[in-house]
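Going down the list, the protein sequences come from chains A and B. Under the working numbering, the first residue of the first sequence is numbered 4, with each subsequent residue one higher. Under the working numbering, the first residue of the second sequence is numbered 104, with each subsequent residue one higher. Glycine is no exception: its CB is placed at the ideal position from the N, C-alpha and C atoms. These numbers were taken from a predicted model, which means no experiment stands behind them.
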Amino acid sequence: MTESAPGSIKEQSMARMILRRFFKHRLAGLAIVLLAILSLLAAFAGSSPYSPTEQAPANDYQPPSASHWFGTDELGRDVFTRILYGGRVSLTVGLISSSLSIALGILVGALSGYFGGWLDSILMRITDAFLTFPTIFVLILLSAFLREQPYPWLKNSVLVVIVIIASLSWMWPARLVRSLFLVLREREFVSATRALGGSDARIIIQHIFPNSIGPILVSMTLQMAAAIITESGLSYLGFGVQPPTPTWGSILYTAQVHVFKAPWLAFYPGVMIFITVMAINYIGDGLRDAFDPYVIHTGR
Amino acid sequence: MKVKLFTLFVLSGLILSSCGGGSGTQTPGATQASTAAPAATATPEAGGGGTVSLIIPEEPTTLNYFAADAAIVRQVAEATAMTGLDTIDQNGEYQPVLTTELPTLDNGGLSQDYLTVTWKLKPDLKWSDGQPLTSDDIKFTWEVLSNPNSGALSGAGGFDLIQSVDTPDPLTAVLSYSSPYPAYLSQFAYGLLPRHAAGAPEDMINWDWDRKPIGAGPFVVTDWQSGQSITMGRNPYYYEAGKPYLDQLVFRIVPEPAAQTAMMMQGEGQVHLWPGELPDEYDSLLQGKASQVLVPGIWNMAIDFNLSAPFDGDSGPTPPHPILGDLLVRQAIASAIDYDTLIHDVEKDSVYTSTNPFEYGWSKCDLPRPFPYNPMKAMQLLEQAGWVVGTDGIRVARGALYAKDGTRLSLELQGYTNFDPLQNTEEFIVENFKAVGIEARIQNYDFSIIFGTYADKSPRMIGDFDMLIFDRGFGIDPQEYVANAYRSGNIPSESNQNGANYFRWVNLTADELLKTAGSHFDQATRKDAYCQIAQQVNTDLPQVYLYLFQDGYGFANNLTGYTVSTWGSMTWGVQNWQYKE
């Protein structure tokens, strides 16, 4: 790449350039592949010879073997199958809710940090208000509201879980993005763009945002891991996914009691969450490299 | 209902600690050092002395037994503030404690018309602050527990029947009842309240006393570190000379089961409440350091059916539930459950078979299961009731009694969260139901919602549920609990918000039998009435009984003198414990 002269940048499309830079980060490429494998496994969970709910209580706590790759749980169900099915919920909830939360956070934080003044005051007070809500009480209140509705689909919908998690976690990215924008909007290149007649939208989207993508992506990877764990916590308050439908968080939680007797029960869901979070992390790393304007424009 | 109140915030912490293998945070040496000091200060007459650590899974919100209904409260409070006039021993017999003798017909303590009870206190009794304990404190206890605004949730049964308490002298209390109360001996078995150190009766749930009680029990709270530990020292004024033998109790709050067992392994705990492991596994993990003792519990697991339509905006017994209103459907559900596999393989024989509400104590009724496991019969009953198999295997109504044609045989099964044995049972019976074409959707809520009040719109209170699964239990005398649960007048409603007839069951025979059981003093007559009520339950099927829990306690092998009892908590008889390091 060292031979590419500054002039050649215009010849390559921006998208191709970003892609090339992304895949130059080897771990990011590997992470994409891993995440794709996990998603495919979850999507084709039905091809397992076992059912995720069918039980054989007499065949409980079997250690990993050829017939049960990840062993069996306290009700004699195949853990591998349950993890595959669990991935459907956990990956969906993790990816979508953290994306939603970040998107909302970026919107609020960018507007607030860039424009400042009364808009900043209003948006940040709203953010503060959300932050001061004791989460547990909001959840109990919501749970109370939902249980009076005679519609099971509303109580048990993954969508509700996603919306709840996103609406209770967008404040952290919002504050992060605001602080990044506060700093960046005073930088010379922003002043230069403004002097050249660049619109606010152009400045925000093309100049400030790419410069703040790194911390935002890191924050998203953290949100995703938290969302997978929070999802299993929510079911304890009567939201969303109820047993016997497996999720990684709930399998992990149930396994705690059996940690001496059947350590593999906690190991596999833990590893899945670990792999997912690491993968997202590396993808975030790769994206940061790919989007870094300094790297792009110097063509390094 | 031994459940850990659970918050979202602790979840991630729990998971992290499980990933860490639940290893203890302190070295065993640290505990030994801390126990050595108090041992040196032990008074000569106090046995071996020493400090005993008790591991409990959750923190009690109060140590006032009467102000709480969570099982954890008694486990701790019994060591300090629950020493009363009498107690119930491990055989289910009343034994005098602070009274010289139990008032009975024979000794004249109970009048011939059953309306007057005379309690005599032992002489020279003192509260743990050194103040004299007199008959006026018996009167005060009645004033508090008979006050409808006291907020009492436990142990207040029959106090409204006491019209007056006379105290002719400091050792004598004469109680006048408006109508006979057969369970009169149980009323003062859970502790007395001191007039000089408590507060206004209507303010009971807010007393400072609730967290630092002045009691007549063997120990006194000396320190309470929220979320960590509760420490108790000896009560120097305890009524039995030379007891308690121990110098100090430390209740350590450890929510995570694996961490609890790890602490027992490292000798950081001597008593372990409700271990997560079954006895065999526990004993082999603890390798001679401690072992688990099981005692039949009082918590009786059942599925309650809502006989009335949910979400109809009224909590009363009409109109009937579109699906469960039909007795044939309830019989089919009862026949669909594989009880043997549930008890032996799912619950690993850690529970006993239970077929009816009366499974322990003197009122125990040995009844056969009304509808043993028979999936073929379940399917026949459903066909007969007008439910035919639909395209996806779940039945739909065609000519059913109340349900419109085309209604799916789909029911919600509500339970409470964070209690593995319950969840395993739910998951198992949902599969049982599926096998005969019934869809059951598990919907678990936090403990506080499932057991919430009418004002909180708890589903069981306002009648907005299909099936509920939880464990219920009563003390030595069933009357108060059973009358509240089965009397047709006790269906929870706007005007009767404490009713516990969650099934919305109306059975006039049961009403009459409850009257008989509640007004007779002859135990045989009462037992007969209770067993007939059980028959009515098993005929009408407002509920189906599954199994009875046992309470498990882990005790270190160098702790002696403990007694486990169905009727007491872990700390019942703690004054007799002795510990050798």
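| Asked | Found |
| --- | --- |
| Boundaries (first-last residue) of the alpha helix (DSSP H) holding Asn284 (chain A) | 267-294 |
| Lys242 (chain B) classed as buried or exposed, judged by whether at least 16 other C-beta atoms fall within 10 angstroms | buried |
| Per-residue contacts from Gly241 (chain A) into chain B (C-beta, under 8 angstroms) | Thr520, Gln546, Asn547, Tyr548, Asp549, Ile552 |
| Contact belief for Asp240 (chain B) with Phe414 (chain B) at Cβ below 8 angstroms, rounded distance in angstroms | Not confirmed; about 49 angstroms, so no contact. |
| Residue(s) in a DSSP beta bridge with Ala659 (chain B) | B:Ala393 |
| Cβ of Phe263 (chain A) within 9 angstroms of any chain B Cβ | yes |
| Extent of the continuous alpha helix (DSSP H) run through Gly32 (chain A) | 29-46 |
| Residue of A:Thr250, A:Gln152, A:Pro266 minimising C-alpha distance to Ala45 (chain A) | A:Thr250 |
| Inter-residue Cα distance where the pair is Asn167 (chain B) and Gly294 (chain B) | 9 angstroms |
| Neighbour flag for Gly79 (chain A) against chain B, beta carbons, 9 angstroms | yes |
| Cβ of Asp131 (chain A) within 9 angstroms of any chain B Cβ | no |
| Coil, strand or helix - Arg314 (chain B) by DSSP | coil |
| Supposed close pair Leu644 (chain B), Ala632 (chain B) - CB separation, criterion 8 angstroms | In fact, because the Cβ distance is near 20 angstroms, the residues do not count as touching under 8 angstroms. |
| Closer than 9 angstroms to chain A by CB, Asn527 (chain B) | yes |
| For Trp222 (chain B), the three-state DSSP class (helix, strand or coil) | strand |
| Under the three-state DSSP convention, the category Val533 (chain B) falls into | helix |
| Range covered by the alpha helix (DSSP H) that runs through Ile99 (chain A) | 82-118 |
| Beta-carbon proximity of Ala181 (chain A) to Gly116 (chain A), cut-off 9 angstroms | For clarity, residue 181 (chain A) is Arg in the given sequence; the question names Ala instead. Cβ atoms of Arg181 (chain A) and Gly116 (chain A): closer than 9 angstroms. |
| Limits of the unbroken beta strand (DSSP E) element including Gly578 (chain B) | No beta strand (DSSP E) contains Gly578 (chain B), which DSSP labels as neither H nor E. |
| 9 angstroms Cβ cutoff, Asp448 (chain B) in contact with chain A | yes |
| Partners in chain B for Ser146 (chain A), counting only beta-carbon separations shorter than 8 angstroms | Tyr548, Asp549, Ile552 |
| Residues of the stretch 387-410 of chain B with Cβ closer than 8 angstroms to any Cβ of chain A, in chain order | Leu388 |
| Every unbroken beta strand (DSSP E) within the stretch 556-624 of chain B, with a cutoff of 3 residues, ordered by chain | 570-575 |
| Chain-ordered residues of the stretch 43-73 of chain A with a beta carbon less than 7 angstroms from chain D | Absent here is chain D; the protein component of the structure consists of chains A and B. |
| Where the stretch 345-365 of chain B meets chain A: residues whose CB sits under 8 angstroms from a CB there | Glu359, Pro360, Ala361, Thr364 |
| Amino acids of chain A, ordered along the chain, whose beta-carbon sits closer than 9 angstroms to that of Glu380 (chain B) | Val260, His261, Phe263, Lys264 |
| Start and end residues, alpha helix (DSSP H) containing Arg177 (chain B) | 174-180 |
| The stretch 258-278 of chain B / the stretch 304-321 of chain B touching (three or more Cβ pairs under 8 angstroms) | no |
| N-terminal and C-terminal residue of the beta strand (DSSP E) that Ala632 (chain B) is part of | Here Ala632 (chain B) belongs to no beta strand (DSSP E); instead the alpha helix (DSSP H) covers 626-643. |
| Listed by chain order, chain B residues near Thr279 (chain A) by CB distance under 7 angstroms | Neighbours of Thr279 (chain A) on chain B: none; closest Cβ ~15 angstroms, over 7 angstroms. |
| 9 angstroms Cβ cutoff, Thr510 (chain B) in contact with chain A | no |
| Start-end ranges of the beta strand (DSSP E) lying completely within the stretch 238-296 of chain B, minimum 3 residues | 265-272, 275-280 |
| Own chain, CB closer than 8 angstroms to Gln259 (chain A), minus 5 neighbours either side, in chain order | Ala269 |
| Ala365 (chain B) burial status per 10 Å Cβ neighbour count (16 or more: buried) | buried |
| Minimum C-alpha distance to Thr669 (chain B) - residue among B:His447, B:Val398, B:Lys451 | B:Val398 |
| Cβ-Cβ distance between Ala319 (chain B) and Trp230 (chain B) below 9 angstroms | yes |
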